[in-house]
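Right, one structure below, let's go through it.
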Amino acid sequence: MDRPINLQTLLSDVVRMLPPQAKALKKLGIVTVADLLFHFPTRYGDTASKMNIGELEKGREAVIFGTISGLKTSKAYRKKIPLGEAWITDETGRIKVVWFHQAYLAKMIAEGALVRAEGKVSDRKGELYLSNPKIETVSKTPLAVGNNLFNDDGVPDHSLYPVYPESRGVTSNWIYHALQRVFKSGILDTLADPLPESILEKYNLPNLRTALIWIHTPRRVDDALAARKRFAFEEIFFIQLAKQRDRARFEHEAGFVIEPKKDDLDRFISAFPFPLTGAQRKSIDAILADLKRGHPMSRLLEGDVGSGKTAVAAAAVYAVTTTRPKGQDFGNLQTAYMVPTEILAKQHFESFIQYFRGSGIQIGLITGAGCRKFPSKVNPDGWTDISRTQLLKWVASGEIPILIGTHTLIQKSVTWKHLALAIIDEQHRFGVAQRAALAQKSGNPKEKSASKKTSLQSRKDDSLALAGIQPHLLSMTATPIPRTLALTLYGDLDLSLLDEMPKGRKQIITMIVSPSDRKATYEKIRAELAAGRQAYVICPRINEPDPDKEGAILAKSVTEEAKRLKQDIFPEYEIDILHSKMTATQKEEVMNEFKDGTIQILVATSVVEVGVNVPNATVIVIEGAERFGLAQLHQLRGRVIRSNHQAYCYVFTESQGEAASERLKALSKAANGFELAELDLAQRGAGALYSGKQWGVSDLAMEALRNLKMVEAARNEARAIIEDDPEIIRHPKLKAELDKQTERIHFE
Ligand code: ADP
Ligand code: MG
Numbered sequence: 000m001d002r003p004i005n006l007q008t009l010l011s012d013v014v015r016m017l018p019p020q021a022k023a024l025k026k027l028g029i030v031t032v033a034d035l036l037f038h039f040p041t042r043y044g045d046t047a048s049k050m051n052i053g054e055l056e057k058g059r060e061a062v063i064f065g066t067i068s069g070l071k072t073s074k075a076y077r078k079k080i081p082l083g084e085a086w087i088t089d090e091t092g093r094i095k096v097v098w099f100h101q102a103y104l105a106k107m108i109a110e111g112a113l114v115r116a117e118g119k120v121s122d123r124k125g126e127l128y129l130s131n132p133k134i135e136t137v138s139k140t141p142l143a144v145g146n147n148l149f150n151d152d153g154v155p156d157h158s159l160y161p162v163y164p165e166s167r168g169v170t171s172n173w174i175y176h177a178l179q180r181v182f183k184s185g186i187l188d189t190l191a192d193p194l195p196e197s198i199l200e201k202y203n204l205p206n207l208r209t210a211l212i213w214i215h216t217p218r219r220v221d222d223a224l225a226a227r228k229r230f231a232f233e234e235i236f237f238i239q240l241a242k243q244r245d246r247a248r249f250e251h252e253a254g255f256v257i258e259p260k261k262d263d264l265d266r267f268i269s270a271f272p273f274p275l276t277g278a279q280r281k282s283i284d285a286i287l288a289d290l291k292r293g294h295p296m297s298r299l300l301e302g303d304v305g306s307g308k309t310a311v312a313a314a315a316v317y318a319v320t321t322t323r324p325k326g327q328d329f330g331n332l333q334t335a336y337m338v339p340t341e342i343l344a345k346q347h348f349e350s351f352i353q354y355f356r357g358s359g360i361q362i363g364l365i366t367g368a369g370c371r372k373f374p375s376k377v378n379p380d381g382w383t384d385i386s387r388t389q390l391l392k393w394v395a396s397g398e399i400p401i402l403i404g405t406h407t408l409i410q411k412s413v414t415w416k417h418l419a420l421a422i423i424d425e426q427h428r429f430g431v432a433q434r435a436a437l438a439q440k441s442g443n444p445k446e447k448s449a450s451k452k453t454s455l456q457s458r459k460d461d462s463l464a465l466a467g468i469q470p471h472l473l474s475m476t477a478t479p480i481p482r483t484l485a486l487t488l489y490g491d492l493d494l495s496l497l498d499e500m501p502k503g504r505k506q507i508i509t510m511i512v513s514p515s516d517r518k519a520t521y522e523k524i525r526a527e528l529a530a531g532r533q534a535y536v537i538c539p540r541i542n543e544p545d546p547d548k549e550g551a552i553l554a555k556s557v558t559e560e561a562k563r564l565k566q567d568i569f570p571e572y573e574i575d576i577l578h579s580k581m582t583a584t585q586k587e588e589v590m591n592e593f594k595d596g597t598i599q600i601l602v603a604t605s606v607v608e609v610g611v612n613v614p615n616a617t618v619i620v621i622e623g624a625e626r627f628g629l630a631q632l633h634q635l636r637g638r639v640i641r642s643n644h645q646a647y648c649y650v651f652t653e654s655q656g657e658a659a660s661e662r663l664k665a666l667s668k669a670a671n672g673f674e675l676a677e678l679d680l681a682q683r684g685a686g687a688l689y690s691g692k693q694w695g696v697s698d699l700a701m702e703a704l705r706n707l708k709m710v711e712a713a714r715n716e717a718r719a720i721i722e723d724d725p726e727i728i729r730h731p732k733l734k735a736e737l738d739k740q741t742e743r744i745h746f747e
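Here numbering that gives the first Met the number 0 is used: the first residue of the sequence shown is 0, the next is one more, and so on.
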């Protein structure tokens with residue numbers, strides 16, 4: 000054990016582990032010493048918060064320490080739910096613990112072990128019990144050792160102990176002891192800090208060595224916080240560094256110069272069947288300013304569902320399409336318009352026909368299911384089906400200047416004559432790789448070897464790279480994310496907000512429904528259905544509860560709820576389900592049936608078809624609303640603000656909690672999704688709202704996004720470095736770390 004170890008040393012060479020532990024660690028992604036060092040606690044318990052079992056009261060969140068006994072598994076009363084049961088005893092009394100759906104927990108703990116349990120005190124027929132507590136084996140109870148749980152390894156007194164992300168098979172206690180071994184090896188003294196000393200000093204951040212000790216074994220809460228801040232800062236700083244470098248690079252690229260005639264564009268816009276909102280106008284102006292600069296635009300257009308992003312995009316497309324390629328007095332510059340689903344692609348194709356009718360401009364549609372072209376020879380107001388080969392030929396020759404499609408657009412076979420604008424709609428719906436492919440396409444050519452080649456890059460390689468011109472990029476999203484997150488994730492993009500809804504929209508009526516009002520609410524919904532309207536019912540889960548999630552027993556599932564609604568509540572209506580585990584064809588079939596009214600009630604998870612337009616659906620029921628963020632709830636209800644009928648959103652809560660319903664009340668007050676996103680952030684923190692994974696950011700960094708000052712500081716530091724040294728040549732340590740990180744991102 001005294002061999003020198005380094006970050007790449009296998010953990011199994013340093014710490015003894017049993018096969019199930021090795022397996023559990025692997026599942027957590029922990030194989031090497033580095034993996035363990037950078038596996039951070041999600042939070043810290045405080046032995047000082049320990050309660051005496053004899054003094055527990057119903058309804059309280061309790062933290063107890065004691066000896067566990069009477070472990071057994073069984074099936075619960077009515078529903079045959081698998082149960083784990085046990086007793087925990089301390090010197091003041093004993094209490095029963097019950098795990099619903101998590102019977103395995105009872106098998107993981109040894110009879111007679113000392114444990115720490117944390118959970119809610121409930122009662123059944125007057126007998127108190129702890130339901131679904133988090134449980135940890137501990138080496139000593141705090142009472143036995145005073146205020147200091149971990150002093151057996153020579154670690155100084157402290158009452159804080161780290162709690163790591165849950166997993167079956169490795170306890171926080173095990174991780175703690177493994178870390179002690181790793182620390183003792185002296186490895187911390189060999190680590191190079193990737194952050195410049197000047198930055199650490201300026202923001203008073205602990206260096207890497209100190210931060211690692213503090214994050215795993217803090218003596219004081221402040222130390223833990225300082226360590227977490229440092230790692231969050233580091234992560235955000237490197238994201239910013241990469242984004243700012245990209246930005247600086249395409250600031251130097253040549254872009255198509257696009258300057259439409261003002262009168263023409265005004266005429267095009269005034270033919271819209273509505274006046275633009277102020278926010279739309281401002282966004283169009285910003286885009287036009289970008290387009291004429293001679294450098295590629297990289298702009299994100301963020302706006303609630305229904306805020307009219309398509310019209311803004313159409314104006315940009317018009318400007319591009321009416322511009323001649325350089326040195327030519329014929330033909331048009333081209334636009335690629337990518338959307339996440341076939342249904343949306345068709346919808347956009349049809350909207351664009353409305354916008355461009357009579358302009359003589361041709362529009363193509365390409366999806367997995369087939370291709371279309373507007374106008375048709377026989378009907379100048381309509382479209383016609385054409386073969387893929389034919390369509391691709393016309394796109395390659397530049398004859399079709401606007402091509403709308405799904406991700407089929409980024410396939411190799413699609414080549415362009417003069418691609419000048421790439422639009423990606425609902426950009427958050429595309430995978431990280433697809434987004435990267437797109438960013439690359441309009442981004443910098445130097446980095447393309449780092450990732451898999453796509454047709455977009457090869458296109459750039461031939462025609463466009465020869466011309467040396469990158470297409471402009473317009474990204475659009477309806478996900479209302481807070482400013483700090485936008486600054487971090489989209490640091491390379493300019494931001495336009497559509498924070499104003501078109502005039503005359505009926506305000507949706509949102510009601511927070513407590514369990515006792517459920518029945519009456521179903522009757523109101525029945526009246527809507529009887530009037531010919533349709534309804535969505537959103538459930539937190541697809542199937543039966545996930546045994547790994549705390550409190551999962553209560554969450555409604557799509558499959559069960561659909562059955563229940565059909566049997567007990569709405570037998571007279573057609574009900575079907577939609578969720579992410581269904582195949583694309585199944586989803587499309589159900590969506591089409593909902594669209595044409597064959598199905599009246601669609602029971603779905605929150606992840607489905609955010610952008611889909613079914614104007615006749617005017618009711619949305621959201622089950623288990625406390626599980627969703629406010630911004631997410633807002634987005635969900637946006638699906639039924641699609642027509643002139645009055646829309647209703649019924650928010651069903653499971654808990655009677657005051658705090659939950661106070662929070663939900665903000666829904667009926669807030670003006671837009673951004674306001675709610677900020678509220679969410681302030682109340683719950685980004686970590687609870689957005690999965691860091693989705694954005695390629697750690698949960699720790701997500702947590703730090705509450706801190707606008709810190710995010711701005713990271714951004715400013717990164718900017719200052721890039722401004723001074725765009726390719727980071729004079730900061731070799733930073734460059735090495737950045738390259739390492741970029742590589743990781745590319746291979747994920
Ligand atoms: P988003 O993509 O932002 O969710 P859409 O572009 O699909 O929204 O627009 C939603 C609806 O609002 C469309 O039917 C569109 O024609 C309409 N619309 C867009 N802008 C306006 C406006 N300024 N006034 C009235 N209606 C508008
Ligand atoms: Mg849209």
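Here a beta-carbon is modelled for each residue, glycine too, at the ideal position from N, C-alpha and C.
By Cβ distance, which residues of its chain are closer than 6 Å to residue i, with the 5 residues on each side in sequence left out?
i, result
"G381", "S375"
"T322", "I257, L332"
"K38", "Lys is not the amino acid found at residue 38; the sequence shown has His there. So the qualifying residues of the chain are I29."
"I283", "V311, A314"
"P19", "G168"
"E592", "I598"
"H157", "Below a pLDDT of 50, predicted positions are generally treated as unreliable, and H157, at 42, falls in that range; the measurement from the model is reported next regardless. Only R218 meet the Cβ criterion."
"L408", "A335, M337"
"G65", "I87, T88, D89"
Tell me the DSSP secondary structure of residue i in three-state form.
i, result
"G125", "coil"
"G330", "coil"
"G637", "helix"
"G53", "helix"
"F355", "helix"
Near residue i, which residues of its chain fall below 8 Å by C-beta distance, leaving aside the five closest residues on each side in sequence?
i, result
"K416", "P324, G330, Q333, V394, A395, S396, G397, S462"
"D733", "Here residue 733 is Leu; the residue named in the question, Asp, does not match the sequence. Once the five neighbours on either side are set aside, the close Cβ partners of L733 are P193, P195, L240, I720, I727."
"Q7", "T31, V32, A33"
"V710", "I235, T483, L486, T487, A703, L704"
What residues in its chain sit with their C-beta under 7 Å from that of residue i, if we drop five residues either side in the sequence?
i, result
"E135", "V114, R115, T170, S171, N172"
"I4", "V13, V32, S184, I186"
"Q682", "R662"
"A102", "T72, P81, L82, G83"
"I198", "E716"
"G404", "M337, A344, L364, I365, T366"
On the CB-based measure, 16 or more other CB atoms within 10 Å of its CB, does residue i come out buried or exposed?
i, result
"L465", "Low confidence applies here, because L465 scores a pLDDT of 36, under 50, leaving its location unreliable and the question unanswered by this model."
"G125", "exposed"
"R729", "exposed"
"H347", "buried"
"F273", "exposed"
"P802", "Because the chain is modelled from 0 through 747, residue 802 falls outside the range shown and cannot be assessed."
"P379", "exposed"
Return yes when the C-beta of residue i is under 7 Å from any heavy atom of the ligand MG, and no when it is not.
i, result
"K308", "yes"
"D595", "no"
"D245", "no"
"D424", "yes"
Tell me whether residue i counts as near the ligand ADP, meaning its Cβ is closer than 7 Å to at least one heavy atom of that ligand.
i, result
"T276", "yes"
"F355", "no"
"A646", "no"
"G305", "yes"
"I273", "The question names Ile, yet the displayed sequence has Phe at residue 273. Under cutoff, so the answer is yes."
"Q631", "no"
"Q279", "yes"
"A105", "no"
"A21", "no"
Segments assigned alpha helix (DSSP H), at least 4 residues, entirely inside the stretch 195 to 233: 196 to 201, 207 to 215
What alpha helix (DSSP H) runs, 4 residues minimum, are completely inside the stretch 474 to 542? 482 to 488, 517 to 529
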